[in-house]
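S.K.: Here it is, the structure, as structure tokens.
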């Protein structure tokens with residue numbers, strides 16, 4: 136029984152009782168599978184996770200005190216990130232100076248090996264490419280004009296950080 140208060144035209148409150156009709160009883164598993172189906176219908180890309188495969192960085196020595204990251208611009212394009220943002224991250228993390236050449240190579244002062252650059256690239260992908268909520272790489276990087284901070288926006292689940 137459900138009891139409900141109703142107010143009449145003369146302002147008098149009366150208590151009305153309505154009886155619920157018993158309908159079809161759903162099991163927990165049925166409700167859960169129905170919920171997942173609705174979520175999948177509304178967001179078809181949400182359930183599919185594609186492994187993010189990145190080309191390894193190619194690092195060559197340039198003289199005795201510099202190294203060149205040959206496929207730097209290509210990797211930036213694969214990550215869909217602005218070249219200047221990745222350069223600033225790399226230079227800040229390595230604590231060094233560097234510049235890009237016309238053919239898309241990043242030249243760094245210092246003797247860095249491929250494994251150092253690869254671990255730095257993994258850190259960049261973890262911080263600025265991968266979504267923390269759904270682990271998707273289908274994200275975008277936007278700069279807030281007022282705070283001048285970068286935000287990662289996921290195109291799959293809609294999360295941002």
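In the numbering used here, the protein residues as written are 136 to 296.
Note that the Cβ used here is the ideal one computed from N, Cα and C, for glycine as well.
Quick caveat, the model's predicted, so the values are computed rather than measured.
Out of 204, 224, 220, which has the shortest C-alpha to C-alpha gap to residue 238?
M.R.: Here the closest residue by C-alpha is 204.
S.K.: In terms of DSSP beta bridges, what is residue 275 paired with?
M.R.: DSSP output for residue 275 lists 288 as bridge partner(s).
S.K.: Using DSSP bridges, identify the partner residues of residue 194.
M.R.: Note: residue 194 sits in a beta bridge opposite 204.
S.K.: Helix, strand or coil: which one does DSSP assign to residue 151?
M.R.: In the structure shown, residue 151 sits in a strand (DSSP, three-state: E or B).
S.K.: Starting from residue 234, trace the beta strand (DSSP E) both ways and give me its first and last residue.
M.R.: Unbroken beta strand (DSSP E) run through residue 234: 233 to 235.
S.K.: Just to confirm, are residue 229 and residue 243 a CB contact at a threshold of 8 Å?
M.R.: Cβ distance < 8 Å, so residue 229 and residue 243 count as in contact.
S.K.: With distance defined between alpha-carbon atoms, name the residue in 276, 206, 189, 246 nearest to residue 217.
M.R.: Taking only the C-alpha atoms, the option nearest residue 217 is 276.
S.K.: Does DSSP put residue 258 in a helix, a strand or coil?
M.R.: Residue state, collapsed to three classes: helix.
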